[in-house]
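First to last, the sequence lines map onto chains A and B.
So the first sequence is numbered by this note's numbering: it starts at -15 and just counts up by one.
So the second sequence is numbered by this note's numbering: it starts at 363 and just counts up by one.
Structure record follows, encoded as structure tokens.
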Amino acid sequence: MTPANVKIPLLVLALSVWGCSEREMSVPDPATPLLSSQTQSSSTPPSAASTREFIDRYCAFCHDERLATAGLRLDLVDFARVAEHPEVLEKVVRKLRTGIMPPPEMPQPSVAGRSDMLAWLEASLDEAAVANPNPGRTEALRRLNRTEYQNAIRDLLALDIDATSLLPADESGHGFDNVNVGDLSPSLLDRYISAAQKISALAVGGAASSIQSEVIRVPADLTQERHIAGLPIGTRGGVSVSYTFPQDGEYDIQIRLARNRVGDIGGLRSREPQPLELLLDREVVETFSVMRPDGPDHSVVDKNFKIRLAVTAGPHDVGVTFPQQSSALLETERQPLQAHYNEIRHPRLTPAIYQVSITGPYGPGGADDTPSRRRIFVCRPDQAGGESEELACAREILAKLMGRAYRRPVSDAEVERPLAFYRQGRSEGGFDEGIGQALAAVLMNPEFLFRVELEPGQLAAGAVYRISDIELASRLSFFLWSSIPDDELLDVAARGELSRPGQLERQARRMLADPRSNNLASNFAGQWLQLRNLGAFTPNPRLYPDFDNNLRQAFREETERFMDSVLREDRSVLDLLAADYTFLNERLAKHYGIPGVYGSRFRRVSLAADSERGGILRQGSILAVTSYATRTSPVLRGTWVLDNIYGAPPSPPPPNVPALDETSVSASLPMRERLAAHRNNPVCASCHTIIDPVGFALENFDAVGRWRDHDGDNGPMDVAGGLPGVGEFDGVAGLQAGLLSRPKLFAGRVTEKLLTFALGRGVEYYDAPVIRKIIREAASDDYRFSSLILGIVRSQPFQMRTSI
Amino acid sequence: MIIFKKALPRRTFLRGVGATLALPLLDAMIPAATALAQTPARPVPRLGFVFIPMGTDHARWMPPGGEVLDELSPILSPLQAVKEHITVITNLELQNSYPGTHDTSNSGFLSAAFAKHTESSDYHLGTTIDQVAARQIGQATRLPSLELSVDLNPLAGVCNNGYACVYQNNLSWSSPTTPLPSEAHPRLVFERLFGDGGSLTERQATLRSRASLLDSFHEDIGRLQRVVGASDRVRVDQYLDSIREIERQIQFAEAAGAEDLQPDLERPLGVPAAFGDHAALMFDLQLVALQADITRVITFQFTRELSNRTYPEIGVPEPHHPTSHHGNDPIKVEKIAKINTYHISIFARFLEKLKATPDGDGSLLDNTIYLYGSGMGNPSLHDHVKLPILVAGGAATGLRGGRHINYEKGTPLANLHMTLLDRVGVHLDSFGDSDGSIDGLFDSVPI
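Structure (structure tokens):
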């Protein structure tokens, strides 16, 4: 059969090296090939020959010897030997599956023709992968990142730390911060040593710690007019934190009130004194009185808001808040906005907390009974037992700690090394000090700080081997919990039973049911969906005066709770895209215009069938992180959906992006018209004709996720959109339906992201057969979350490794 | 080495720092350095590097007039008080930053090297000028170099474009495969410079414990090195380099011994909410680090490439990055110029403070050379030519100042790097894509 494209004049070809997409005028009428391919697909089963024919007809026009668009030459591929070209062909599969290729202006294969050919190609690739498996290679040495370190300390020592104040930020690669973690710069090593010292002192509560000061700063844009979650009912504003007091002793707690721009205390309207309460473990320990000063000097108001308190070592809830007074005054001054933190645009109506500082201990008295000490001191040496009993107890304590910290059984001989630290500390400051110093040494052991996967000796390069059960246990716990294995998992692994299929699945299910798997909703989804960027999202207060930290927090909480519900109820991952429920508190419900939700507490809310909400595409968090401070960005939103949901990440913009010099467009035009300019530019158009329509479909949501029917003064919002491989549609409902009509693409993308996170490496072409297998099996289970997770856990790349 | 016995001008220092972020103990830091001080033969130059993202509005950056920097351009106008210490160099470029855009604007700025296009940990760039310098002039101080920034949270998932985030986040690389993380938290910088408090006995005990923890880690890594495969041994060798560096730092602190007097330290309490305050505080920390001779090499990322920071305080409520795609829209171009001017104004105040700080026979500014600029020229084109570049200070090193060196055609930024390195005693045949040096930047008399 003659490929249609040979009829195109060569002159046109020569002009079009910029990009194959600008040739709409020169392509032949697609009707003929469409028809013939339909006949073909119904008659002959696909084969290497028919695939070659398909490629020649629909792809070779650009990806041939002459043009080699995107550096891709399909004329070089021998379809009788699919196994020799997996890298190129997986690219072809992805582009064809998602409908990104062929470009819309080129002849299109029939639906059946496309799917028949892809089925054959995928089956051939899968077959080749079975014959020649490649599980890839996770790196041998991977440092615990900040999140993992924090979680490991929590699970090892029953101690909550803020790792962001101890360790520098991690770098991301392939969208996750557990990928590029092989490095150890001097400053990082320096910080690990400091962290080990601080943490061991805090966990053991050693006697010699100096006075430290900690400041809890309330976010400047937190509205404090109403109840804040975590504080007692009947209070408004303030802050509540769990703070670990290092020792028994006295601590100074000082409170400062928020100032406005000129340095006065905001919200000091009434001359009536207002009480301000300091709570320790939710009990009022001191009440201060906030009063408007007679003179102009506001510093007198809170300069004595300081108290010295005796506190026992260990974690305590420290709260500072105002008892809620009659809101009659508030009602009369009621304003349309929820946000009250900025003196100019939306002033505080009542005083607010700026910061709480805790300084101490004064007269330190060591520590007795704290969660960390209960976890660490599994024995106490008898006073009468003398040195030998102390040593025996130290051994027991350290062996236990080391096993958990190094995630493997530990021999008696190994305990000798931290014991040297114990002896040093014992001679300097007693038994506890000895344990403290040994603990610091354990925390500085490379087997705690790094995840080490060494290949067994005598393996030929390129050999595929099964990792040990001990290594598998760590892979499992760092995947599901971003933390160290617990005792049960370690025991099973140490007995060599973990890799047995039933046992592996049992452990994975047990761990998913554990609250620690919330890590998937916070840490994994926080990166996959880019929720982490919400912290840096600060919309322009002039345009979005009703945005404050309360709303920012609520955005994130909604999505995390929603993710967690899909995980915990083991729903289909497709529910992430469309659900008839969500999680709201009053603040967020008002923002969404949903009535009947009161109070700061989040609760599950059923949504009406015609609700504007339901599914992540309609959640404020995602709509905000894909917006700029002043406006929505259909480009960011389109890219976000194509990359994170649809599995068709757009190519990065070419270098030397041409500017829209001549066509500088007015900001008052509708977004659609402004973006039209770059879709008219052929270099930009090849991608933006795909990206922009996806974003347009979400234009009913503004930059802070509110619903809008009108586009300012430009009339009703035009939400006509489209998705390659699906077609055209209107609005978010159309986009949702379009995405749901391709469940394998979404489930496949979630699986790829989960696999990247699970393995700590980028997903490569040789992983594609594995992902297809997981999706095939999950499809029969309605794509339940657990079917994806278990599919990954059972997969070759998760259990095996290639040697080098 | 600079001897430094006067108390810090604390009031001067606190100016511009939020009132709640006082550093009340700065004057107490001073003795820290004196213990290390040996009589200097002549002042030792210090080097600083300040990176701004996404280029400038060239028209408002470029000084009018000729070779003498007489009239300042609108963006550079805040430098009026230190004009005679400034040399603007026009038409420098980073050819190795192509084909990348934002990522390689950052990564090329101090490396002039080509960034391997990868998202995985096989990233590869080049050793940056600050680290080359630190090997030469950084060994005499406790910290060979200091890496600082203002952006606290790395963004998730948006610095890809096929380039690993390391290129966008790290200005400083100690080897082609070793990016050095920067610190944006003032308190952590402060602790790194001056320790985290406690009595002398406590601090000495902490130091001893650090040394033994490091020894123990060293032994364990040595054991690991014997069992890993050949390809991973390269990684472990890097760990050993880091261990040696920390060892050196501990020895330095130990040598300071009992004279390293510090009363109870209160640290900077938090991160200033306003960008201007935060950036100014980071500059103040640079000042005390240089003044106390804790380090002689500093890099500072003013903000990150692709930053969407808004600057309502100067009339730019729009986010920086999309505004930088200005398409020659005069309103957007003006806003970019406003951001450029704002950054320069914060830098200018820092230079004024350096100038007011006595050091040796002159001022700290005389003994310190700062390179300020971007790895991008016109942000709307994402190009790496006609970079905004200026050099400040360094009179005692022979840096002339008060000049505008305007190349007729594109000249590698690496030539400037070569020239600066030469001045601090590192004589290389080439650096990055360099093809010469910047003639006339320095008086010919070497220091």
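Using N, Cα and C, we set each Cβ at its ideal position, and we do this for glycine too.
Small disclaimer: the values here were computed from a predicted structure and weren't measured.
- Query: Residue range of the alpha helix (DSSP H) that A:A742 falls in?
  - Reply: Residue mapping note: residue 742 of chain A aligns to position 758 of the first sequence, counting from 1. Per DSSP, A:A742 belongs to the alpha helix (DSSP H) from 727 to 743.
- Query: Could you give the residue range of the alpha helix (DSSP H) that holds A:Y235?
  - Reply: Here residue 235 of chain A refers to the residue found at position 251 of the first sequence. Taken as a continuous stretch (DSSP letters only), A:Y235 belongs to no alpha helix (DSSP H), being part of the beta strand (DSSP E) at 233 to 241.
- Task: Flag A:R401 as yes if its beta-carbon sits less than 8 angstroms from any beta-carbon of chain B, otherwise no.
- Result: Residue mapping note: residue 401 of chain A aligns to position 417 of the first sequence, counting from 1. Interface residue, yes.
- Task: Output yes if chain B places a C-beta closer than 8 angstroms to the C-beta of A:I788; else output no.
- Result: Here residue 788 of chain A corresponds to residue number 804 of the first sequence, with the count starting at 1. Yes, contact with chain B.
- Message: 8 angstroms is my cut-off, CB to CB: does B:T661 come that close to chain A?
- Response: As a working note, residue 661 of chain B is residue 299 in the second sequence. By this cut-off, B:T661 is not an interface position.
- Message: Bridge partners for B:L752 per DSSP, in chain order?
- Response: Against the second sequence, residue 752 of chain B aligns to sequence position 390. DSSP, once it has assigned bridges, lists B:V450, B:Y734 as partnering B:L752.
- Message: Which residue marks the beginning of the alpha helix (DSSP H) containing A:R621, and which one marks its end?
- Response: Translated into the one-based positions of the first sequence, residue 621 of chain A becomes position 637. Looking at the DSSP string, the run of the alpha helix (DSSP H) that includes A:R621 is 618 to 624.
- Which term fits B:V596, buried or exposed, when burial requires 16 or more other beta carbons within 10 angstroms of its beta carbon? For this step, residue 596 of chain B is matched to residue 234 along the second sequence. So B:V596 ends up on the exposed side.
- Query: If you measure from the beta carbon of A:L772 to each beta carbon in chain B, is any gap under 8 angstroms?
  - Reply: The residue you call residue 772 of chain A lines up with position 788 of the first sequence. Output row for A:L772: interface = no.
- Following the continuous beta strand (DSSP E) through A:I200, name the residue where it begins and the one where it ends. Looking up residue 200 of chain A in the first sequence gives position 216. Segment 196 to 201, the beta strand (DSSP E) holding A:I200.
- Message: If we define contact as Cβ-Cβ less than 8 angstroms, is B:P415 a contact residue for chain A?
- Response: Translated into positions along the second sequence, residue 415 of chain B becomes position 53. No - not a single Cβ of chain A is within 8 angstroms of the one on B:P415.
- Message: Run through the DSSP bridge pairs and tell me what B:Q663 is partnered with.
- Response: Working through the second sequence from its first residue, we reach residue 663 of chain B at position 301. B:F413, B:S511.
- Item | Residue interval of the alpha helix (DSSP H) (run including B:I583) | Start at 1 with the first residue of the second sequence, and residue 583 of chain B comes out as number 221. Residues 562 to 589.
- Message: My assumption, with CB atoms under 8 angstroms, is that B:P407 sits in contact with B:G756. Please give the rounded CB distance.
- Response: Reading the second sequence from its first residue, position 45 is the one you call residue 407 of chain B. Reading the second sequence from its first residue, position 394 is the one you call residue 756 of chain B. Sure, about 7 angstroms apart at Cβ, within 8 angstroms.
- Message: Alpha carbons only, please: which of B:N515, B:T489, B:L508, B:S574 is nearest the one belonging to B:W535?
- Response: To locate residue 535 of chain B, count along the second sequence from 1; it is residue 173. Nearest C-alpha to B:W535: B:T489.
- Show which residues of chain B have a CB atom less than 9 angstroms away from the CB atom of A:R379. Taking the first residue of the first sequence as position 1, residue 379 of chain A is located at position 395. Correct list: empty, because the minimum Cβ distance to chain B is about 18 angstroms.
- Message: My output table needs one value for B:F645: the three-state DSSP class, helix, strand or coil.
- Response: Taking the second sequence and counting its residues from 1, the one referred to as residue 645 of chain B is at position 283. Three-state DSSP puts B:F645 in a helix.
- Item | Neighbourhood of A:P203 by C-beta distance below 8 angstroms, restricted to the same chain and skipping five residues each side | To locate residue 203 of chain A, count along the first sequence from 1; it is residue 219. Cβ neighbours of A:P203 beyond the five flanking positions: N533.
- Message: Using the Cβ count rule (16 or more neighbours within 10 Å means buried), how would you classify B:L782?
- Response: Counting from one through the second sequence, the residue named residue 782 of chain B turns up at place 420. Label assigned to B:L782: buried.
- Select from the region 155 to 176 of chain A all residues with a C-beta closer than 9 angstroms to any C-beta belonging to chain B, and list them in chain order. E155, S156, G157, H158, G159, F160, D161, V163, N164, V165, G166, D167, L168, S169, P170, S171, L172, L173, D174, R175, Y176
- Message: Is the beta carbon of A:F567 closer than 8 angstroms to that of A:R587?
- Response: On the first sequence, residue 587 of chain A is found 603 positions in, with the first residue counted as 1. On the first sequence, residue 567 of chain A is found 583 positions in, with the first residue counted as 1. Taking 8 angstroms as the Cβ cut-off, A:R587 and A:F567 qualify as a contacting pair.
- Message: Does the structure place the region 745 to 754 of chain B close enough to the region 675 to 694 of chain B that three or more beta carbon pairs sit under 8 angstroms?
- Response: no
- Task: Report the residues of the region 646 to 679 of chain B with a CB closer than 8 angstroms to any CB of chain A, ordered along the chain.
- Result: N670, T672, P674, P679
- Determine which residues of the region 689 to 706 of chain B have a Cβ less than 7 angstroms from any Cβ of chain A, and write them out in chain order. G689, N690, D691
- Message: Along the chain, where does the alpha helix (DSSP H) containing A:R552 start, and where does it finish?
- Response: Residue mapping note: residue 552 of chain A aligns to position 568 of the first sequence, counting from 1. 533 to 552 is the span of the alpha helix (DSSP H), which, as asked, contains A:R552.
- Three-state secondary structure (DSSP) at A:I600? Residue numbering aside, residue 600 of chain A sits at position 616 when the first sequence is read from its first letter. Helix at A:I600.
- Does DSSP put A:Q511 in a helix, in a strand, or in coil? As a first step, residue 511 of chain A is located in the first sequence; it is residue number 527 there, counting from the start. If DSSP states are grouped into helix, strand and coil, A:Q511 belongs with the helices.
- Nearest to A:D416 by alpha carbon, out of A:F229, A:V581, A:P365, A:E261? Translated into positions along the first sequence, residue 416 of chain A becomes position 432. When only C-alpha atoms are compared, the closest one is A:P365.
- Indicate whether the contact test is met: 3 or more Cβ pairs, each with one atom in the region 431 to 441 of chain A and one in the region 585 to 595 of chain B, closer than 8 angstroms. yes
- Taking only runs of the alpha helix (DSSP H) that begin and end inside the region 224 to 310 of chain A, which ones reach a length of at least 4 residues, in chain order? 283 to 286
- Should B:G760 be flagged as near chain A, meaning a C-beta pair shorter than 8 angstroms? Locating residue 760 of chain B in the second sequence gives position 398, where the first residue counts as 1. By this cut-off, B:G760 is not an interface position.
- Just tell me which of A:F508, A:A477, A:V426 has its CA closest to the CA of A:W465. Start at 1 with the first residue of the first sequence, and residue 465 of chain A comes out as number 481. Checked all of A:F508, A:A477, A:V426; the closest Cα to A:W465 is A:F508.
- Item | Contact list for the region 704 to 737 of chain B against chain A, Cβ threshold 8 angstroms | none
- Using 8 angstroms as the limit for Cβ to Cβ distance, is B:F471 near chain A? As a working note, residue 471 of chain B is residue 109 in the second sequence. With 8 angstroms as the cut-off, B:F471 does not count as an interface residue toward chain A.
- Go ahead and pull the three-state DSSP assignment for B:I392. Your numbering for residue 392 of chain B matches position 30 in the second sequence. Note that B:I392 scores 35 on pLDDT, short of 50, meaning its location in the model is unreliable and no value can be drawn from it.
- According to the neighbour-count rule (16 or more other Cβ atoms, all chains shown, within 10 Å of its Cβ), is A:T271 buried or exposed? Numbered from its first residue, the first sequence carries residue 271 of chain A at position 287. By the neighbour-count rule (16 or more Cβ atoms within 10 Å), A:T271 is not buried but exposed.
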